[in-house]
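Asks: The opening residue of the sequence shown carries number 1 in the UniProt record's numbering; numbering runs sequentially from there. Every residue gets a Cβ at the ideal spot worked out from N, C-alpha and C, and that includes glycine. This one's a predicted model, so the numbers in the text were calculated from it and none came from an experiment.
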Amino acid sequence: MALPERVMEIVDRGITVEEEEEASSSYTLLPTTRGKTQELLTVVLGVGVNCSAESPKERMKIDDALKELLSIRSILLKNWEAHKYEQIRRNNYPV
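Structure, rendered in structure tokens:
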């Protein structure tokens, strides 16, 4: 499967963050490095592919899919909070 190598080609460019965009923007949706973003998107798309296998027996169990997606959500929220904190610190706002 070509999913991991080409994941950045198949996702909406609007949800990805390039390092230069991050530097020029005060807010980014996914404040992670390109590699981490690619890794997380690969997992999300992999869950989608595994949940849509033709045979029900081959499909990922919904509880496993939920665990994967909640794990990714947790990582993204932690990254966003760290990014937000760093912006506040850089602008000398009290934390």
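Which same chain residues end up closer than 6 Å to residue 4 when comparing Cβ atoms and leaving out the 5 residues on each side of it in sequence?
Replies: Same-chain partners within the cutoff: 42.
Asks: Counting pairs of beta carbons, one from the stretch 73 to 81 and one from the stretch 48 to 59, are three or more of them closer than 8 Å?
Replies: The stretch 73 to 81, when compared against the stretch 48 to 59, does not touch it at the 8 Å Cβ threshold.
Asks: Report buried or exposed for residue 40, applying the criterion of at least 16 other Cβ atoms within 10 angstroms of its Cβ.
Replies: It is buried - the Cβ of residue 40 has at least 16 other Cβ atoms within 10 Å.
Asks: If we ignore side chains and look at the alpha-carbon of each, how far apart do residue 14 and residue 35 end up?
Replies: About 16 Å.
Asks: Between residue 44 and residue 62, is the Cβ-Cβ spacing less than 8 Å?
Replies: No, these two residues do not count as a Cβ contact at 8 Å.
Asks: When you compare only the Cα positions, how much space is there between residue 50 and residue 66?
Replies: Answer to the nearest angstrom: the Cα atoms are 12 Å apart.
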